[in-house]
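Enquirer:
2 protein chains.
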Amino acid sequence: MRSILLTIAYEGGAYAGWQVQPGQRTIQGELEQALLRITGETIRVIGSGRTDAGVHALGQVAGFRTSSPMESDVFQRALNAELPDDIAVVSAAEAVADFHPIRDSESKRYRYQIDDGPVRDVFARRYAWHCRHGLDEAAMAAGAVHLLGRHDFSSFETAGAERPDSIRTVSDISVIRGGNGASSRITIEVEADGFLYNMVRAIVGTLVEVGRGAQSPDWVRQVLEACDRSQAGPTAPPQGLFLLWVKYPDAIYANR
Amino acid sequence: MRSILLTIAYEGGAYAGWQVQPGQRTIQGELEQALLRITGETIRVIGSGRTDAGVHALGQVAGFRTSSPMESDVFQRALNAELPDDIAVVSAAEAVADFHPIRDSESKRYRYQIDDGPVRDVFARRYAWHCRHGLDEAAMAAGAVHLLGRHDFSSFETAGAERPDSIRTVSDISVIRGGNGASSRITIEVEADGFLYNMVRAIVGTLVEVGRGAQSPDWVRQVLEACDRSQAGPTAPPQGLFLLWVKYPDAIYANR
Numbered sequence: 160m161r162s163i164l165l166t167i168a169y170e171g172g173a174y175a176g177w178q179v180q181p182g183q184r185t186i187q188g189e190l191e192q193a194l195l196r197i198t199g200e201t202i203r204v205i206g207s208g209r210t211d212a213g214v215h216a217l218g219q220v221a222g223f224r225t226s227s228p229m230e231s232d233v234f235q236r237a238l239n240a241e242l243p244d245d246i247a248v249v250s251a252a253e254a255v256a257d258f259h260p261i262r263d264s265e266s267k268r269y270r271y272q273i274d275d276g277p278v279r280d281v282f283a284r285r286y287a288w289h290c291r292h293g294l295d296e297a298a299m300a301a302g303a304v305h306l307l308g309r310h311d312f313s314s315f316e317t318a319g320a321e322r323p324d325s326i327r328t329v330s331d332i333s334v335i336r337g338g339n340g341a342s343s344r345i346t347i348e349v350e351a352d353g354f355l356y357n358m359v360r361a362i363v364g365t366l367v368e369v370g371r372g373a374q375s376p377d378w379v380r381q382v383l384e385a386c387d388r389s390q391a392g393p394t395a396p397p398q399g400l401f402l403l404w405v406k407y408p409d410a411i412y413a414n415r
Numbered sequence: 160m161r162s163i164l165l166t167i168a169y170e171g172g173a174y175a176g177w178q179v180q181p182g183q184r185t186i187q188g189e190l191e192q193a194l195l196r197i198t199g200e201t202i203r204v205i206g207s208g209r210t211d212a213g214v215h216a217l218g219q220v221a222g223f224r225t226s227s228p229m230e231s232d233v234f235q236r237a238l239n240a241e242l243p244d245d246i247a248v249v250s251a252a253e254a255v256a257d258f259h260p261i262r263d264s265e266s267k268r269y270r271y272q273i274d275d276g277p278v279r280d281v282f283a284r285r286y287a288w289h290c291r292h293g294l295d296e297a298a299m300a301a302g303a304v305h306l307l308g309r310h311d312f313s314s315f316e317t318a319g320a321e322r323p324d325s326i327r328t329v330s331d332i333s334v335i336r337g338g339n340g341a342s343s344r345i346t347i348e349v350e351a352d353g354f355l356y357n358m359v360r361a362i363v364g365t366l367v368e369v370g371r372g373a374q375s376p377d378w379v380r381q382v383l384e385a386c387d388r389s390q391a392g393p394t395a396p397p398q399g400l401f402l403l404w405v406k407y408p409d410a411i412y413a414n415r
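Chain order of the listed sequences is A and B. Sequential numbering from 160 applies to the first sequence in the working numbering. Sequential numbering from 160 applies to the second sequence in the working numbering.
1) Below 7 Å on C-beta distance, what does A/D295 contact in chain B?
2) Give the straight-line distance between the Cα atoms of A/E170 and B/R268, rounded to the nearest whole angstrom.
3) So, is A/N414 buried or exposed, given that buried needs 16 or more other C-beta atoms within 10 angstroms?
4) Are A/S343 and A/D274 closer than 8 Å when you measure CB to CB?
5) Return the chain-ordered list of same chain residues with a C-beta closer than 6 Å to the C-beta of B/S333, the five sequence neighbours on each side being excluded.
6) Find the residues of chain B that neighbour A/Y169, judging by a C-beta separation of less than 8 Å, and give them in chain order.
7) What is the DSSP secondary structure of B/F282, counted as helix, strand or coil?
8) Any beta carbon from chain B within less than 8 Å of A/V278's own beta carbon?
9) Alpha helix (DSSP H) containing A/G188: first to last residue?
10) Starting from the C-beta of B/D232, find all residues in its chain whose C-beta is less than 8 Å away, skip the five residues before and the five after it, and write them out in chain order.
11) Could you check if B/G337 is buried or exposed, using at least 16 other CB atoms within 10 Å of its CB as the buried criterion?
12) Please check if any C-beta of chain B sits within less than 8 Å of the C-beta of A/V249.
13) Can you pull the chain A neighbours of B/N239, defined as C-beta to C-beta under 9 Å?
14) Enumerate in chain order the residues of its own chain whose CB-to-CB distance from B/E189 is below 7 Å, with the five nearest sequence positions on each side excluded.
15) What residue does the beta strand (DSSP E) around A/V382 start on, and which one ends it?
16) Give every residue of the same chain whose Cβ lies closer than 7 Å to the Cβ of B/G276, excluding the five residues on either side of it in the sequence, and list them in chain order.
17) For A/R284, decide whether its Cβ has a neighbour in chain B, counting only Cβ atoms nearer than 8 Å.
18) Name the chain B residues whose beta carbon is nearer than 8 Å to that of A/L275?
19) Cβ of A/D352 less than 8 Å from any chain B Cβ?
20) Cα separation between B/G194 and B/A216?
21) Buried or exposed for A/M160, going by 16 or more other Cβ atoms inside 10 Å?
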């Protein structure tokens, strides 16, 4: 069996998330149905990780096995012809036979968009969290630096997922105002070797507490050290979150 | 009776256009219903011009008369609390009593967005026309300059609207690749003292014929001179079109 790696963009608003669920539209479900129509095979598509209902992706990665002889670029075009308008295969590549999208991933980067203008931006409401506070992005950035490095991120993990531990390494975190040419846009990006359930949204909800002046930047360090989800801010809503990319070692690509 | 001028942004995808139509959701209808709830008055809202189903606005202008004593900024906040998420009042101002949004307008500017990447941009599909051709934007710009100045634009007017003449003055037209940080984004902007029905969409459909190499830039001049709609390109789809702003003389504002 061959192994194909897909890089996928989607607007998550119409979906109950990545993972197949009975009676619900999901990204994984749409991909598997499209592959069934193309190959006649019942194929399981495995993502690098689940994204929740309403969360978007610019570069989610998924893999599947097939006995089809179709070239990867033909797979890409056939999938884009079959998939709904809000899911697109950005690229497709031949992977080594034992490629596994979860096990092999080295790091990921997420973006979260906030709109803090006094009047809602009607074009951002699907892609940003509208906070009316007028946030202090410098204070948010000062709070965010406490999260850099290797830590137990239990305070930023929603219960429910079963992961063996909650130690992760955040290699980059940034808070920038003015992306997309809009002075009311705040963009937060977080890069790590892995993420706990709802981790980015809990980090964003916590930084917004700092941005609106309810807490000091140093409070973020206290929240982190508490290892207690109830100490952190609320979980930010899904529509502001984008999975930007997932990094794999070169060795997972065939023919390179 | 006082006269209030509203500047309005909307995402047009969910609406049958600006103008009230029985049994349909329209921008004008939503504004009038919100004003009825706020003032108790049955108020007619007049726009600077109609926008079609699916067309967006960043700065549509509308006016209405009221006997309410409410300050204009209170009107803005009350309307934003009542309006659906895809319509926002960006500003509200007191106008002179006889302000008329159509008669008094001096000029308008529209933007049209095209995405010509090989794979559709899932986040642009509501806000751009996806042309798979790989367009030559320099040829499009060379064609566009023929439209600058005062001309009879009959070739770019969809039949149906009753306007006394089809002479308009285009004061600016631009074709630029790379807006929004995307190399596959082409942005066309047109500014004029007034626009005929579907004029921008007919201009864009014509320029795309040039961009994909089916016609030369000089053909745009021939189309213009023909004064015959059948000579021009097709009407571009609505979701790429944005009304950017409408300009009025200072004299229409009260208290300035």
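We put the CB at the ideal spot given by N, CA and C, even for glycine.
Expert: Reading off the structure:
1) If you number the first sequence from 1, residue 295 of chain A lands on position 136. Simply none; closest approach about 23 Å.
2) Counting from 1 along the first sequence, the entry for residue 170 of chain A is found at position 11. Counting from 1 along the second sequence, the entry for residue 268 of chain B is found at position 109. Cα to Cα, A/E170 sits roughly 30 Å from B/R268.
3) Indexing the first sequence from 1 puts residue 414 of chain A at position 255. With fewer than 16 Cβ atoms within 10 Å of its Cβ, A/N414 is classed as exposed.
4) Counting from 1 along the first sequence, the entry for residue 343 of chain A is found at position 184. Counting from 1 along the first sequence, the entry for residue 274 of chain A is found at position 115. In this structure, A/D274 lies closer than 8 Å to A/S343 by Cβ.
5) In the second sequence, counting from the first residue as 1, residue 333 of chain B sits at position 174. These residues qualify, in order along the chain: E348.
6) Sequence index remark: in the first sequence, residue 169 of chain A carries index 10 (1-based). Residues of chain B passing the Cβ test: V281.
7) Position 123 of the second sequence, counting from 1, holds the residue named residue 282 of chain B. Residue state, collapsed to three classes: coil.
8) Here residue 278 of chain A refers to the residue found at position 119 when the first sequence is read from its first residue. For A/V278, the answer is yes, since a Cβ of chain B falls inside 8 Å of its Cβ.
9) Position 29 of the first sequence, counted from the start, is the residue given in the question as residue 188 of chain A. Unbroken alpha helix (DSSP H) run through A/G188: 186-198.
10) Your numbering for residue 232 of chain B matches position 73 in the second sequence. If we look at B/D232 and ignore the five residues flanking it on each side, its Cβ neighbours are A251.
11) Residue 337 of chain B sits at position 178 when you count from the first residue of the second sequence. Exposed, because fewer than 16 other Cβ atoms sit within 10 Å of the Cβ of B/G337.
12) Numbered from its first residue, the first sequence carries residue 249 of chain A at position 90. Closer than 8 Å: yes.
13) For the purposes of this step, residue 239 of chain B is identified with residue 80 of the second sequence, where counting begins at 1. Here the neighbours are V278, R279.
14) As a working note, residue 189 of chain B is residue 30 in the second sequence. L242, P243, I246, listed in sequence order.
15) Counted from its first residue, the first sequence places residue 382 of chain A at position 223. Element bounds for A/V382: not the beta strand (DSSP E) but the alpha helix (DSSP H), 376-385.
16) Along the second sequence, read from residue 1 onward, the residue named residue 276 of chain B stands at position 117. These residues qualify, in order along the chain: S343.
17) The residue you call residue 284 of chain A lines up with position 125 of the first sequence. Answer yes: the Cβ-Cβ gap between A/R284 and chain B drops below 8 Å somewhere.
18) Walking along the first sequence from the start, residue 275 of chain A turns up at place 116. Residue identity differs from the one stated: residue 275 of chain A is Asp in this sequence, not Leu. Simply none; closest approach about 15 Å.
19) The sequence position of residue 352 of chain A within the first sequence is 193, counting from 1. Chain B contact via Cβ: absent.
20) The residue labelled residue 194 of chain B in the question sits at position 35 within the second sequence. The residue labelled residue 216 of chain B in the question sits at position 57 within the second sequence. The sequence given here has Leu at residue 194 of chain B, not Gly. Going by the C-alpha atoms only, they are around 20 Å apart.
21) Taking the first residue of the first sequence as position 1, residue 160 of chain A is located at position 1. It is exposed - the Cβ of A/M160 has fewer than 16 other Cβ atoms within 10 Å.
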